[in-house]
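Chemist:
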Amino acid sequence: MELVIFLITAVVAIAGAVAMLLSPNAIHSAIFLLINFVAISVLYVLLYAPFLFVIQLIVYAGAIIVLFLFVVMLLGAERAEDTRERFAWQRPLGVTLATILLSLIGYLALRNPLSRTAVADQHFAAPERIAEALFTTYLLPFEITAFLLLAAIVGVIVLHTAGGRELRTENQELRTKNQELRTKN
Amino acid sequence: MVPTSYYILLSALLFTLGVAGVLIRRNALVLFMSVELMLNSANLALVTFAMARQDIAGQMVVFFVIVVAAAEVAVGLALLVAIFRTKQTTDVDEIHSLKG
Amino acid sequence: MNWIIWLIPAFPLIGFLLNALVVRRERAAGILASVMVGLSFAATIAAMVVLEGAPSEAKRLTWTLWEWIRIADFRVAFGLLFDPLTAVMALLITGVGGLIHIYSIGYMHGDVRPVRFFAFMNLFVFAMLMLVMADNLLLLFLGWEGVGLCSFLLIGHYFDRRSVPPGINPSEAAVKAFVVNRVGDVAMLAALFAIFTNFGTLSFYDNPQLGISGYLDQAIVVAGEMVDLGAFGQLPLITGITLLMLVAVTGKSAQFPLYTWLPDAMAGPTPVSALIHAATMVTSGVYLIVRNHTLFDQPASAAPWVLVIGVMTAFIGATAAVAQLDIKRVLAYSTVSQLGYMVAAVGMGAYVAGMYHLLTHGLFKALLFLAAGSVIHGIGNYQDMRRMGGLRNALPTTFRLYVIGALALSGIFPFAGFWSKDEIIAHAWFDARSPLAAIMLILTSAVTAFYMGRQIGMVFFGRPRDQAIHGHESGVAMRWTMVTLAVGAVIGGLINLPGLHWLNSYLRPVLQEPEVIYTVGMGILATITTLLSAGAGYLGWKTYACDLEPRIRVGKEDPLFRYLGDLWRGMEIGWGLDWLYQRVFVRPYRAASVFLSDVVDREAIDQVLVDGTARGLVRLAHGLRALQNGYIRTYALMFLFGVILVVAFFALRG
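Chains as they are written, first to last, in my numbering: chain A, 284 to 468; chain B, 3 to 102; chain C, 747 to 1400.
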């Protein structure tokens, strides 16, 4: 039973990833990525990680994908890429190298497979346990991530207020130039 | 019982797909999404090992990775916006002025 | 009082150092150099006085300055030796050298580099004195090399001129002299090695102060030893050593086949030719043999070869001198010829006769060279005899002195050359029992007289052939030094007159040679020789002063060329030996040098290796530069490549 669920979820995850890669529309790519994230969260459930399942859905599927979608729409990036490819030779080379990497990792993984014993404690990663570990053993990293988030917030704000004014004037200049060109033509 | 090697193989496959995505796509956003895919595949591998070893440390690491990934996405997207706002395109091949 | 012998070489050394480092003006340089040599001469006289006080069994003064080399058994002292043989040589060097220095003050007046000239002249005297005063072979070799070096430096005195009369490049002549000397030096070194290996020492005589034994007294010990030459059979050791020394002498004393440098050495200033190439450096080979006479006295030694080489050279030199057109080249070939006499003498074991001729030759050849210099100086630096003629009126003193020198050289009674030359010939006929050698020497004597007559006829008699030349007599310094030498040329025979044998007695402690008993036979031989020479000389003079005189013209061939043709041409080019060396050695070597410099050095090494490396690196840099093209996806590709390598390493390692 578990195997069946795993297989279905795995197929969904892979399909989502492939579709993300191949989709010409960036928004479609983001949605496919979302599907992938959801599949992965289901896998977390199978792996006795309920807390992470929820966190994955909230943070990744809920916040990060939304952020991506916002930026795509902000930049107008949903358009398909131009057909002219400067480095046509990179595509097959990239795929080849990726395949090599896959085979290597696969070889490493399958060489000494980790034997799976029956899970003694199904709730070894219950939220209480996680909370306990988080606020005792991993207290320092926890606090540091708080600082990290602070730094990220400040950074983002700085990037956009300082550059914002210049961008605005630059934008204005570009618009006036555009208009002049249009009137000339 | 699903053998752990299945999970690892799945993780490897997703990682490789992410790598391929970085190499193939030119849209900056999709590139970034591929990077997130790679991060997720790594997380999957970590959780797998946590389960196999009955050790919660793996899941803690994943927790932190998710936090850091969130912060990174925020800053990264801000950067992308800063770079690509003035251009009409989000093609990464347009950014090549730092050449040797 | 032994320390006084150190003063003899010390004075010229000081003169050299002062001239090289301190002195700037021509007059000061000349006077300093001459005074130093004069002081050296005085020191020599003083040393001779001191020498008289030494016991006759070990009649030598030694003074060791320090132990020069001490490596296991190889011990060499830096010490000087003063015995009668050395005294005689030192007298010649400092005496004639001093006179030539004084002459040079006048001759080199107005020269472009007088200080350099006098510095090197002093250095030369120092080196030559070291050569004759060394108490071991290594120090002798130091002097040997030193005189070779000074010869090079002084021949090349006019190094900035492309060509000097008679068409020689001074730098090339200097190099030629040095290189040909070098050939001899290699043999000298080999002889040193052989002597050390077999005798265990390089010292001539025992040195009790340092505990070094001498090898000259041990010569009899190695009489029977043989050297194994592998496929070439066996050679007696003494033969090998003396043969090597003979080669060394051939180089330094311009014997066949290494005499080609001496005629070209005339590119140097005339005082240099007088001092180095007449009186002193070229006689160092003869000194070497005389000093090592215990080796050459052995029955297995190469002494017969020495005799052969000497006689050959004497004849070749004389015949070549006949056809020369440059006034100094006649004298150069004449020197080659007279050195042949000396070498032949020592080859026969007549060491005293050889030294006798060395001394008298030093006197009259120096006189001849100085007089030739006087002629050259007087007519404005022309050396082609075809341009001269009738100069006896314009340069009367020079003319008379030249005649004295020529008579001495030709061996006319009672001038100095007669006594020494005829002693050698007598020795060849009577003592050495080589009638062939004696006949060759007598013929050579006749030829010698012929070319001197020819020269005097061409230069001083006849009509003045070049109207642009107006001769004037030389200055005081030049004249009086020549007169001094002329006195020596006249009375020089007194050194070893038959019956008195002063030189023989003086050299007895060193050479132990029996006196020559003068028989009537010798007197007859001497008379025949003299008459023959006188006749030949008169013939030479008459031909060139009267008979063929109208045919001598500037730029035209010598009149006798018409009768002798190719034979004359052969004589003129010194029998082609120099031509042969040019073809066989010089030209291929030059071609190889040009090849190495242009092709190998410039092309292969510079272009391919040096520039090629640079260009290769630049291309590599360009190639590597393409890696950083600014495109993110290319960088990502390279990342991946690296990652694969790392993963593969781990995958394939375990």
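Every residue, glycine too, gets a C-beta built ideally from N, C-alpha and C.
Only a predicted model underlies this, so the values are computations on that prediction, with no experimental measurement involved.
From which residue to which residue does the alpha helix (DSSP H) around Pro1334/C run?
Modeler: In the third sequence, counting from the first residue as 1, residue 1334/C sits at position 588. First-last of the alpha helix (DSSP H) with Pro1334/C: Arg1333 to Val1340.
Chemist: On the CB-based measure, 16 or more other CB atoms within 10 Å of its CB, does Phe320/A come out buried or exposed?
Modeler: Residue numbering aside, residue 320/A sits at position 37 when the first sequence is read from its first letter. Flag for Phe320/A reads buried.
Chemist: Taking the straight line between their C-alpha atoms, what separation do you get for Gln1129/C and Lys1074/C?
Modeler: Residue mapping note: residue 1129/C aligns to position 383 of the third sequence, counting from 1. Residue mapping note: residue 1074/C aligns to position 328 of the third sequence, counting from 1. Going from the Cα of Gln1129/C to the Cα of Lys1074/C covers about 7 Å.
Chemist: Indicate whether the contact test is met: 3 or more Cβ pairs, each with one atom in the region 748-756 of chain C and one in the region 817-824 of chain C, closer than 8 Å.
Modeler: Taking 8 Å as the limit for Cβ pairs, the verdict is that the region 817-824 of chain C does not touch the region 748-756 of chain C.
Chemist: If I measure Cβ to Cβ from Gly60/B and keep anything under 7 Å in the same chain, skipping five residues before and after, which residues do I get?
Modeler: Taking the first residue of the second sequence as position 1, residue 60/B is located at position 58. Cβ within range, chain order: Leu48, Val49, Phe51 and Ala52.
Chemist: Around the Cβ of Asp1344/C, are there at least 16 other Cβ atoms within 10 angstroms (buried) or fewer (exposed)?
Modeler: Locating residue 1344/C in the third sequence gives position 598, counting from the first residue. Exposed, because fewer than 16 other Cβ atoms sit within 10 Å of the Cβ of Asp1344/C.
Chemist: Please state the DSSP three-state secondary structure of Thr292/A.
Modeler: In the first sequence, the residue the question calls residue 292/A occupies position 9. Thr292/A falls in the helix class under three-state DSSP.
Chemist: Check the C-beta distance from Ala923/C over to Ser897/C and give it rounded, since I have them as a contact under 8 Å.
Modeler: Start at 1 with the first residue of the third sequence, and residue 923/C comes out as number 177. Start at 1 with the first residue of the third sequence, and residue 897/C comes out as number 151. Ala923/C to Ser897/C, Cβ: 5 Å. Contact.
Chemist: Just how far apart, CA to CA, sit Val354/A and Leu79/B?
Modeler: Taking the first sequence and counting its residues from 1, one reaches residue 354/A at position 71. Taking the second sequence and counting its residues from 1, one reaches residue 79/B at position 77. The alpha-carbon atoms of Val354/A and Leu79/B are separated by roughly 7 Å.
Chemist: Verify the CB distance criterion: does Leu1370/C have a CB-CB separation below 8 Å to chain A?
Modeler: By 1-based counting over the third sequence, the position of residue 1370/C is 624. Closer than 8 Å: no.
Chemist: Which runs of the alpha helix (DSSP H) spanning at least 4 residues fall entirely within the region 1021-1087 of chain C, listed in chain order?
Modeler: You should have 1030-1037, 1039-1042 and 1049-1068.
Chemist: Is the CB-CB distance between Ala1195/C and Gly1151/C below 8 Å?
Modeler: One-based indexing of the third sequence puts residue 1195/C at position 449. One-based indexing of the third sequence puts residue 1151/C at position 405. No; because the gap between Cβ atoms is not below 8 Å, this pair is not in contact.
Chemist: From the DSSP output, read off the bridge partner residues of Leu981/C.
Modeler: Position 235 of the third sequence, counted from the first residue, corresponds to residue 981/C. According to DSSP, which records beta bridges pairwise, Leu981/C is partnered with Val973/C.
Chemist: Reducing DSSP to helix, strand and coil, say where Ala409/A ends up.
Modeler: As a first step, residue 409/A is located in the first sequence; it is residue number 126 there, counting from the start. Reduced to three states, the DSSP call for Ala409/A is coil.
Chemist: Suppose you measure from the CA of Glu1349/C to the CA of Arg1329/C; what does that come to, to the nearest Å?
Modeler: For the purposes of this step, residue 1349/C is identified with residue 603 of the third sequence, where counting begins at 1. For the purposes of this step, residue 1329/C is identified with residue 583 of the third sequence, where counting begins at 1. So the two alpha carbons sit approximately 27 Å from each other.
Chemist: Assuming Leu376/A contacts Leu1383/C under a Cβ cut-off of 8 Å, what Cβ separation, rounded to an integer in Å, is found between them?
Modeler: Along the first sequence, read from residue 1 onward, the residue named residue 376/A stands at position 93. Along the third sequence, read from residue 1 onward, the residue named residue 1383/C stands at position 637. Sure, about 7 Å apart at Cβ, within 8 Å.
Chemist: Ala1394/C versus chain A: which residues are under 7 Å apart at the beta carbon?
Modeler: Here the question's residue 1394/C lines up with position 648 in the third sequence. Leu387, listed in chain order.
Chemist: Which chain A residues are close to Ala80/B, counting only those with a beta carbon under 8 Å from its beta carbon?
Modeler: Within the second sequence, the letter at position 78 stands for residue 80/B. Those are Gly438, Val439, Leu442 and His443, listed as they occur along chain A.
Chemist: How many Å lie between Ala865/C and Gly844/C at the Cα?
Modeler: By one-based count along the third sequence, residue 865/C stands at place 119. By one-based count along the third sequence, residue 844/C stands at place 98. Each residue's alpha carbon lies about 14 Å from the other.
Chemist: When the Cβ atoms of the region 836-855 of chain C are set against those of the region 1014-1029 of chain C, are three or more pairs found closer than 8 Å?
Modeler: As far as the Cβ criterion goes, the region 836-855 of chain C touches the region 1014-1029 of chain C, which means the pair count is three or higher.
Chemist: For Phe1207/C and Ala1091/C, which I take to be in contact (beta-carbon distance under 8 Å), what is that distance rounded to the nearest angstrom?
Modeler: Here residue 1207/C refers to the residue found at position 461 of the third sequence. Here residue 1091/C refers to the residue found at position 345 of the third sequence. Rounded, the Cβ-Cβ distance is 34 Å, inconsistent with contact.
Chemist: Tell me which residue opens and which closes the alpha helix (DSSP H) that Arg928/C is part of.
Modeler: Stepping through the third sequence from its first residue, residue 928/C is reached at position 182. Element bounds for Arg928/C: Pro916 to Phe945.
Chemist: List, in order along the chain, the chain A residues whose C-beta lies closer than 7 Å to that of Ala1397/C?
Modeler: Looking up residue 1397/C in the third sequence gives position 651. Those within 7 Å of Ala1397/C in chain A are Leu387, Tyr390 and Leu391.
Chemist: Rank Arg907/C, Ala833/C, Ile846/C and His903/C by C-alpha distance to the C-alpha of Leu877/C and give the top, closest one.
Modeler: Translated into the one-based positions of the third sequence, residue 877/C becomes position 131. It is Ala833/C.
Chemist: Could you confirm whether any beta carbon from chain B is found closer than 8 Å to the beta carbon of Met303/A?
Modeler: Taking the first residue of the first sequence as position 1, residue 303/A is located at position 20. Closer than 8 Å: yes.
Chemist: So, helix, strand or coil for Arg771/C, using DSSP?
Modeler: Walking along the third sequence from the start, residue 771/C turns up at place 25. In the structure shown, Arg771/C sits in coil (DSSP, three-state: anything other than H, G, I, E or B).
Chemist: How is Trp809/C classed by DSSP in three states: helix, strand or coil?
Modeler: Position 63 of the third sequence, counted from the first residue, corresponds to residue 809/C. Strand at Trp809/C.
Chemist: Could you check where the alpha helix (DSSP H) with Arg1361/C kicks off and where it finishes?
Modeler: Residue numbering aside, residue 1361/C sits at position 615 when the third sequence is read from its first letter. Run containing Arg1361/C: Gly1358 to Arg1371, per the alpha helix (DSSP H) assignment.
Chemist: Less than 8 Å between the beta carbons of Ala1154/C and Ala1235/C, yes or no?
Modeler: Your numbering for residue 1154/C matches position 408 in the third sequence. Your numbering for residue 1235/C matches position 489 in the third sequence. Against a cut-off of 8 Å, the Cβ pair of Ala1235/C and Ala1154/C comes out as a contact.
Chemist: With a cut-off of 8 Å, does the C-beta of Asp93/B fall near any C-beta of chain C?
Modeler: Against the second sequence, residue 93/B aligns to sequence position 91. Asp93/B does not count as touching chain C.
Chemist: Taking the DSSP output, what are the residues bridged to Ile987/C?
Modeler: Working through the third sequence from its first residue, we reach residue 987/C at position 241. In DSSP, Ile987/C forms no bridge with anything.
Chemist: Closest by CA to Ile839/C, which one among Val993/C, Leu1355/C and Tyr1033/C?
Modeler: As a working mapping, residue 839/C is identified with position 93 in the third sequence. Cα-wise, what sits closest to Ile839/C is Tyr1033/C.
Chemist: Should Lys1167/C go down as buried or exposed, given a rule of 16 or more other Cβ atoms within 10 Å for buried?
Modeler: As a first step, residue 1167/C is located in the third sequence; it is residue number 421 there, counting from the start. Classification of Lys1167/C: buried, given that the 10 Å Cβ count is 16 or more.
Chemist: Indicate whether at least one CB of chain B lies closer than 8 Å to the CB of Ala313/A.
Modeler: Here residue 313/A refers to the residue found at position 30 when the first sequence is read from its first residue. True, the Cβ-Cβ gap to chain B drops below 8 Å.
Chemist: Within 10 angstroms of its Cβ, does Phe945/C collect 16 or more other Cβ (buried), or is it exposed?
Modeler: As a first step, residue 945/C must be located in the third sequence, where it is residue number 199. Its Cβ being crowded by 16 or more others within 10 Å, Phe945/C is buried.
Chemist: Which partner residues does Gly1157/C have in the DSSP bridge list?
Modeler: Counting from one through the third sequence, the residue named residue 1157/C turns up at place 411. Gly1157/C pairs with nothing; no bridge assigned.
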